[in-house]
Amino acid sequence: MMAAMAMFETMFAPTRLVHLSSIDIVIIAFYFVLVLAIGFYLKSRANTAEDFFMAGREMTAWIAGLSFLSANLGSLELMGWAAAAYQYGILATHWYWIGAIPAMLFLGLVMMPFYYISKTHSVPGYLKLRFGESSRTLSSVSFAFMTVLMSGINMYSMALVMKVVLGWDIHFSIWVSSITVAVYVALGGLRSAIFNEVLQFILIWAGALLIPILGLIEAGGWSNLKLQIAHNASSEYTHLWSTLGTSTGNPMGIHWTGIVFGLGFVISFGYWTTDFLVVQRVLTAKDLRAAKMAPIIGAAFKMMVPFIVILPGLLALAVLPLKLVGETQAVATGGHSYNEVLPLMLARYCGPGLLGLGITALIAGFMSGMAGNVSAFTTVWTYDIYRALIKKDGSDQHYVNMGRWCTIVGVLISVGTAYLVMSFASIMDYVQALFSFFIAPLFGTVVLGMLWKRATSAGGFLGLLAGTVSSIGMWAWVKVDPSAIRYVAMSPSATDMAANMYRALWSWIVCVVVTVAVSYVTTPKTDAELNGLVYGVTVMPHEEPVAFYHRPVFWAIVVSIVFVILNLLLW
Amino acid sequence: MHGSGISIWFFIGVSLLVNGVLITGAGIWQVFNPPANPVVLFYLHANVWWGAVLTVIGLLYCFKFAPRRES
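Line order of the protein sequences matches chains X and S. Residue 3 is where the first sequence starts when you use the numbering used here, and the numbers rise one by one after that. Residue -17 is where the second sequence starts when you use the numbering used here, and the numbers rise one by one after that.
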């Protein structure tokens, strides 16, 4: 055993951010054994298409809710926002609060009933029911394409992080993680992916919670932390709203309208209510109340995530003896970049064992992100592309087999993408941008489809197309002429992040305007055809009366009150 | 997922229990064999008490969601 470990350790390069002990490697190895064991155990429960693609639609609100949140809580998210907190201060918290909570509550209370009652297997599937085949094809092809690319990017990012943090060989990381994901998703389907996402969620908290606790002890509490940040950086770094009056008054270069309307409305609602990667988790809920409750449970936990992501970034500003810099400067000078803030804080406080758990949490986050992308890709490919366009009359078993093969093929394409990104790093920026092209217009199409019965099939399709094309157009315009950012983002000093938010807002508006205009000159469906799909013409299923504290609306109000209080406290 | 096969919470209990025992063990070893380059706040022995917390939670989950109790 010890000899094997010694060999394992010598496989890796000597340059690394942290050094693992034997006990850390045992903890990481145990994680791999456990996820594979879960996959093998669940194989016997993934025999039908409903089991494989929808986890049997039997998840409790807690499992669906934690999985819903966990599918988004990848390691890139954790490390990226900890880095953003170091760079921009507490403003990064907006991506967890106003950039998520209202949208998650809206999904639970308003949109989930329609997704659930329609018994759709996917978001493109809902578009088929509401707007017809052309809208489904457009959204499913773009989603499948982007999802599998994102999985590859996730894979490459993990390998890169493992190389920088631990000195691991990049090919070793890519192949071990991809084979593991392929095995447990192909065996157990979506249920296996969901089980591992819940496990990952617990591991992330178990592995990361000590950093803010010990960091606050070292800094001498929140008040002293703010004083130290004001001394080392600026007092602007600890205010959530008061610096957003102008785009030049805060480290992010953004105006409050961009945060509220771009992030809080379009990007957030687009992502949390129409990105099938996360919505798929809620569709597995066992009944309508669980489906409505799941996003609200997710929202409650989402509000707490800044404690383990943003706070470590802020603590690093106060306690780290070295100054972190941008990636380019770090490469040029041999220093540490913002992106390394979370591993640096982990190494600062965590000794043997705890370090292994923290690294396991990072690996789990990456693998869960890959599994989420692959399982969503598998469902959309099998239901919305293969069954809709290629083979309509296959047996249930045929589609399950297709799902299993598609998982393996999806992982292999992801590996190919990972190697492509390795050769052309700039692809990552383009794919991230490409993904954002579809989310904001898709939200416009889905929300109009659910809330406005006059929206027609032609209106939905052309609105989605126009919104997507306009988003690509604005992005290309700024690429060709960088000064155009003053029009797209309403400020010549806007950062890429601010430009993304305004581009999303404009493309959503284009989608809505085109959908409304085309709908008024085309023929709508009858009320009978829209039953179960649109607000106002849907007969809601009877729900058993339950105590007020079991009702989703009660917990949505509680989450909303806490959300407002937190924003006021950190104003 | 409760009542139809092994619960996910049982797997989580196993994970927390095994990790907790390993981390506590490593922490106790370090109490008696302090490292040459200790982590910041080493004197708090975070791995001992955090590992113990994980062990207790893991034990509770393993016991509450053990497969034999669901049959």
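A virtual CB, placed ideally from N, CA and C, is assigned to each residue, including glycine. All of these numbers come straight from a predicted model, not from anything done at the bench.
Bridge partners - residue i, DSSP secondary structure assignment
i: residue 287 of chain X; result: X:61
i: residue 339 of chain X; result: X:327
heavy atom of the ligand MG below 7 Å from residue i C-beta
i: residue 379 of chain X; result: The ligand MG is not part of the structure shown, which contains no ligands of any sort.
Range of the contiguous alpha helix (DSSP H) that encloses residue i
i: residue 455 of chain X; result: From DSSP, residue 455 of chain X is part of no alpha helix (DSSP H); its letter is neither H nor E.
i: residue 52 of chain X; result: 51 to 56
i: residue 358 of chain X; result: 356 to 381
i: residue 620 of chain X; result: For chain X, the structure presents residues 3 to 573; residue 620 of chain X sits outside this window and is missing.
i: residue 424 of chain X; result: 398 to 425
i: residue 156 of chain X; result: 135 to 168
i: residue 117 of chain X; result: 114 to 119
i: residue 314 of chain X; result: 308 to 321
i: residue 387 of chain X; result: No alpha helix (DSSP H) holds residue 387 of chain X; DSSP gives it neither H nor E.
i: residue 37 of chain S; result: 28 to 46
i: residue 82 of chain S; result: Outside the displayed range of chain S (-17 to 53) lies residue 82 of chain S, so it cannot be described from this structure.
i: residue 488 of chain X; result: 487 to 490
i: residue 41 of chain X; result: 24 to 44
i: residue 481 of chain X; result: 459 to 482
i: residue 108 of chain X; result: 103 to 108
Short of 8 Å Cβ to Cβ, which residues in the segment 20 to 31 of chain S face chain X? 20, 21, 22, 23, 24, 26, 28, 29
Quick one: complete alpha helix (DSSP H) runs, 4+ long, within the segment 521 to 572 of chain X? 529 to 532, 554 to 571
Would you call the segment 341 to 360 of chain X in contact with the segment 92 to 99 of chain X, where contact means no fewer than 3 C-beta pairs closer than 8 Å? no
Report the residues of the segment -9 to 11 of chain S with a CB closer than 9 Å to any CB of chain X, ordered along the chain. -9, -7, -6, -4, -3, -2, 0, 1, 2, 4, 5, 6, 7, 8, 9, 11
For the segment 323 to 337 of chain X, enumerate the residues whose C-beta is nearer than 7 Å to any C-beta of chain S, in chain order. none
Could you list the residues in the segment 348 to 362 of chain X with a C-beta less than 7 Å from some C-beta on chain S, going in chain order? 350, 351, 352, 353, 354, 355, 356, 359
Segment contact flag, the segment 315 to 325 of chain X with the segment 544 to 561 of chain X, C-beta cutoff 8 Å, min 3 pairs: no
Check whether the segment 378 to 392 of chain X and the segment 218 to 230 of chain X touch, using three or more Cβ-Cβ pairs below 8 Å as the test. no
Assess, as a yes-or-no matter, whether the segment 208 to 217 of chain X is touched by the segment 302 to 320 of chain X under the definition of 3 or more beta carbon pairs within less than 8 Å. yes
When Cβ atoms are compared, which residues of the segment 174 to 195 of chain X fall closer than 7 Å to chain S? none
Output needed in chain order: residues of the segment 26 to 40 of chain X with a Cβ under 7 Å from some Cβ in chain S. 28, 29, 32, 36, 40
Under 7 Å (Cβ pairs) to chain X, residues found in the segment 31 to 47 of chain S: 32, 33, 36
Evaluate the contact criterion for the segment 355 to 363 of chain X versus the segment 24 to 35 of chain X: three or more CB pairs, one atom per stretch, below 8 Å. yes
Does the segment 65 to 73 of chain X come within contact of the segment 194 to 203 of chain X, defined as at least 3 CB pairs closer than 8 Å? yes
If contact means a Cβ-Cβ distance below 9 Å, which residues of the segment 220 to 238 of chain X contact chain C? No chain C appears in the structure shown, which is made up of the protein chains X and S.
Name, going along the chain, the residues of the segment 198 to 210 of chain X whose beta-carbon falls closer than 8 Å to a beta-carbon of chain S. 200, 201, 204, 205, 208
Cβ contact check for the segment 32 to 46 of chain X and the segment 550 to 557 of chain X: 3 or more pairs under 8 Å: no
4-residue-minimum alpha helix (DSSP H) runs that sit fully inside the segment 215 to 289 of chain X, ordered along the chain: 223 to 234, 270 to 276, 278 to 285
Which residues of the segment 101 to 125 of chain X have a Cβ closer than 7 Å to any Cβ of chain S? Give them in chain order. none
With a cut-off of 8 Å, do at least 3 Cβ pairs link the segment 480 to 489 of chain X to the segment 566 to 573 of chain X? no
Any C-beta of chain S within less than 9 Å: which residues of the segment 84 to 99 of chain X qualify? none
Closer than 8 Å, Cβ to any Cβ of chain S: which residues of the segment 48 to 63 of chain X, in chain order? 60, 61, 62
Does the contact criterion of 3 or more C-beta pairs under 8 Å hold for the segment 288 to 298 of chain X versus the segment 109 to 116 of chain X? yes
Taking contact to mean 3 or more Cβ pairs, one atom from each stretch, closer than 8 Å, check whether the segment 534 to 544 of chain X and the segment 437 to 455 of chain X are in contact. yes
Any contact of the segment 458 to 471 of chain X with the segment 518 to 527 of chain X, i.e. 3+ C-beta pairs under 8 Å? yes
Can you confirm whether the segment 113 to 120 of chain X touches the segment 329 to 341 of chain X when touching is taken to mean that 3 or more C-beta pairs between the two stretches lie within less than 8 Å? no
Within 8 Å, do at least three Cβ pairs link the segment 498 to 509 of chain X to the segment 170 to 190 of chain X? no
Measuring CB atoms only, is the segment 36 to 49 of chain S touching the segment -13 to 0 of chain S, in the sense that at least three cross pairs come out at less than 8 Å? yes
Tell me whether the segment 257 to 272 of chain X and the segment 443 to 451 of chain X touch, counting them as touching only if at least three CB pairs, one residue from each stretch, are closer than 8 Å. yes
At a cut of 8 Å, does the segment 143 to 162 of chain X reach the segment 370 to 387 of chain X through at least three beta carbon pairs? yes
Three or more beta-carbon pairs under 8 Å between the segment 32 to 41 of chain S and the segment 363 to 375 of chain X, yes or no? no
Taking 8 Å as the threshold, find out whether the segment 367 to 383 of chain X comes into contact with the segment 176 to 184 of chain X through three or more Cβ pairs. yes
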